[in-house]
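Presented below is the structure to which this report refers.
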Amino acid sequence: MLYQSTRSTHTVNSLQAILEGIAPDGGLYLPVSLKDLRVDVADLADKSFEEMAAIILRTLFDEFTEEEMAEMVHRAYGGKFETEDVTPTVKVGEDYVLELFRGPTSAFKDVALSMLPVLITEAKKKQGITEKILILTATSGDTGKAALEGFHDVEGTGIIVFYPNGGVSAVQKAQMVTQEGNNVTVCAIDGNFDDAQTGVKKTFAACADMDLKKHGVMLSSANSINIGRLAPQIVYYYKSYCDLVAAGEIAMGDAINFVVPTGNFGDILAGYFAKCLGLPVNKLVCASNQNDVLTEFLTTGRYDRRRTFHRTNSPSMDILVSSNLERMLYLASGCDHEKIAGYMKDLNEIGEYTVDGELFAALSETFAAGCCDQEQTLAAIRDTYEGYGYLCDTHTAVAVDVAKSFKETNPAGKTVILSTASPYKFPVSVLSAIGETPDEDEFRVMEQLNERTNVPVPAGLAGLKEKKVLHTDVIAKDAILDYVLKKVEE
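Quick note: the sequence shown, position 36, residue 51 per our numbering, numbers continuous.
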């Protein structure tokens, strides 16, 4: 299957798209035939998560046989999640919550980053590549640990993770800086996530003109700019829909709404891919925190990153440049790569762009948006816990608040809220929200939260405080390229 860049006519096969991560022109890869592909949800109704994943991923990456993909999926997910169904859907009040945090690092990124290392290693074999694959990743908190967990000690790969210094929770930082493995590097930057993401993209662009193969290295990415990272996220939209059918909440064919807390637009874009493949989706609701650049864009058609950056209690969404929106614009424009390249040039050079009326109308058919501030986030945690006995993290709470507003004007159809992280990843905010005074030690706060709620501490987070810090590097935000090149030479 051919994949094309969003910024040119450059095409590769799906194996190359997975291995490269980002196109040489800076664009992002998409299947040339995405809107012609179909996965009938009725055919998946009685399937397990792994069976669904094998069918959906084989549809997108047909260079793998059915048998190969089934084996790869089992290798990725077998026995690694708290629940056999990987991403359970639970009823909370009138709505459903899709729990995406039951993996080894307690964040939704585990679903994709359990699969990506398998896709990369098998694609590498099929392409006959002998170079070491060096994964470069920027993280706002969760991607980093999930990528480290997936790639540590994977033969033929290495990984460097960059995170914003002071811009992640203490738990998130501890998960990363204590990561063991002979092929992993973790480095803080003096900047925010957008700075880290921009630095990684610039490094890819700069290295495209260098011969890294003389060092036996090929660069790739574990961020959702890599289609191999994004594609597995489609599966849980299908899984949640089938859960609702099985529970008798909807009939097969009924359209439902998904409310998605998102900063980089990858998680919600996976929902759009599911809709393109045939899943009955009514609205995809983009839920943002105070960094509301996506809310403004989806309600006005104007994207402007030139605004105050807020550090919030939902730090994984503290993002002003949402990379995966580029893919959405490309699809909604009818695959007009010249138009998209122009928008991205304006965003990079001017800091803003405004889409035309036809493109904005196409986006509005599927997407809605809303945002909330930090106090509303805490109130949503409190109200959900007091009202339904359900404890959610700050990012999920943003979606809970936005879902409430959305349903006031869109009462039809069932609504599924995507829960992207365990409340134990942000224990200070969660404990404060339910009326308790947190200890100064964030790891003690996890114990307080457990004592207050009896919600079990995830195995991957318990005992985190006692682990040895292994990674202490901190660099300037414009030093990422030099840092990577130094590591390559080493």
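Glycine included, each C-beta is placed from N, C-alpha and C at the ideal position.
Ala127 versus Gln248: straight-line alpha-carbon distance, rounded: 6 Å
- prompt: Hey, out of Ala414, Leu30, Lys482, Gln19, whose CA is closest to Thr435's CA?
  reply: Ala414
task: For His167, collect the residues of the same chain with a Cβ closer than 6 Å to its Cβ; drop the 5 residues on either side in sequence, then sort them by chain order.
output: Gly196, Val199
task: Starting from the C-beta of Ala377, find all residues in its chain whose C-beta is less than 7 Å away, skip the five residues before and the five after it, and write them out in chain order.
output: Cβ neighbours of Ala377 beyond the five flanking positions: Ala347.
- request: Taking Cys407 as part of the beta strand (DSSP E), name the residues at either end of that continuous run.
  value: No beta strand (DSSP E) contains Cys407, which DSSP labels as neither H nor E.
- request: Put Lys228 into one of helix, strand or coil per three-state DSSP.
  value: Note: Lys228 maps to helix in three-state DSSP.
- prompt: Helix, strand or coil for Asn272 per DSSP?
  reply: strand
Beta-carbon contacts of Pro473 that lie in its chain and below 7 Å, excluding the five residues immediately before and after: Ser121, Ser437, Tyr439
- prompt: What does a CB cutoff of less than 6 Å around Glu481 pick up in its chain, not counting 5 residues either side in sequence?
  reply: none
- prompt: Going by the beta-carbon positions, is the gap between Ile396 and Ala448 smaller than 7 Å?
  reply: yes
Reduced DSSP category for Ser129 - H, G, I as helix; E, B as strand; rest coil: Three-state DSSP puts Ser129 in coil, outside helix and strand.
query: Considering only C-alpha positions, which residue in the set Gln389, Glu373, Pro119 is nearest to Thr303?
result: Correcting the residue identity first, residue 303 is Ser in this sequence and not Thr. The shortest C-alpha to C-alpha distance from Ser303 to any of Gln389, Glu373, Pro119 is the one to Gln389.
Unbroken beta strand (DSSP E) run spanning Ile33, endpoints: Not the beta strand (DSSP E): Ile33 falls in the alpha helix (DSSP H), residues 29-35.
- request: Report the residue from Thr487, Gly402, Asp493, Phe441 whose alpha carbon sits nearest the alpha carbon of Glu109.
  value: With distances taken between Cα atoms, Glu109 lies closest to Gly402.
query: So, do the stretch 44-60 and the stretch 281-296 have three or more beta carbon pairs nearer to each other than 8 Å?
result: yes
The beta strand (DSSP E) enclosing Arg73, as first and last residue numbers: Note, Arg73: premise wrong, no beta strand (DSSP E); alpha helix (DSSP H) at 64-75.
- prompt: Which residue spans inside the stretch 81-160 form an unbroken alpha helix (DSSP H) run of at least 4?
  reply: Those alpha helix (DSSP H) runs which fall completely within the stretch 81-160 and span 4+ residues are 81-92, 124-128, 131-142.
message: Run through the DSSP bridge pairs and tell me what Leu433 is partnered with.
response: Leu113
- request: Pull up the distance between the alpha-carbon of Thr74 and that of Gln463, whole angstroms please.
  value: 46 Å
task: Measuring alpha carbon to alpha carbon, tell me which of Lys419, Leu59, Pro453 ends up nearest Gly268.
output: Leu59
task: Tell me, to the nearest whole angstrom, how far the beta carbon of Ala384 is from that of Cys257; I am working on the premise that it is less than 8 Å.
output: For a cut-off of 8 Å, the C-beta gap from Ala384 to Cys257 is around 27 Å, too long to register as a contact.
- request: Would you mind sorting Arg321 into buried or exposed? The rule is 16 or more other CB atoms within 10 Å of its CB.
  value: So Arg321 ends up on the exposed side.
task: Measure the alpha-carbon distance for Ile174 versus Leu149 and round it to whole angstroms.
output: 6 Å
task: Indicate the three-state DSSP secondary structure (helix, strand or coil) for Asp319 in the structure shown.
output: strand
query: Hey, how far is the Cα of Ala85 from the Cα of Leu134?
result: 12 Å
- prompt: Per the contact definition of three or more C-beta pairs closer than 8 Å, is the stretch 213-225 in contact with the stretch 87-105?
  reply: Short answer: they don't touch.
query: Below 7 Å between beta carbons: does that hold for Tyr178 and Thr145?
result: no
- prompt: Span of the alpha helix (DSSP H) holding Ser255?
  reply: 249-261
message: Within a Cβ cutoff of 6 Å, which residues of the same chain sit near Val460, ignoring the five residues on either side of it in sequence?
response: Pro442, Val443, Leu446, Pro453, Asp454
- prompt: So what does DSSP say about Leu485, is it helix, strand or coil?
  reply: Reduced to three states, the DSSP call for Leu485 is coil.
message: Is it buried or exposed, Lys228, if we count other Cβ atoms within 10 angstroms and call 16 or more buried?
response: exposed
- prompt: Helix, strand or coil: how does DSSP classify Pro179 here?
  reply: strand
message: Using a Cβ distance threshold of 8 Å, determine whether the stretch 269-285 contacts the stretch 28-44, with at least three qualifying pairs required.
response: Contact between the stretch 269-285 and the stretch 28-44 is absent, because fewer than three Cβ pairs lie under 8 Å.
query: When the Cβ atoms of the stretch 21-35 are set against those of the stretch 237-248, are three or more pairs found closer than 8 Å?
result: Yes: the two stretches touch, three or more of their Cβ pairs being nearer than 8 Å.
Buried versus exposed call for Glu164 [16 or more other C-beta atoms within 10 Å across all chains shown]: buried
task: State whether the stretch 412-429 contacts the stretch 357-367, with contact taken as three or more CB pairs (one from each stretch) at a distance under 8 Å.
output: no
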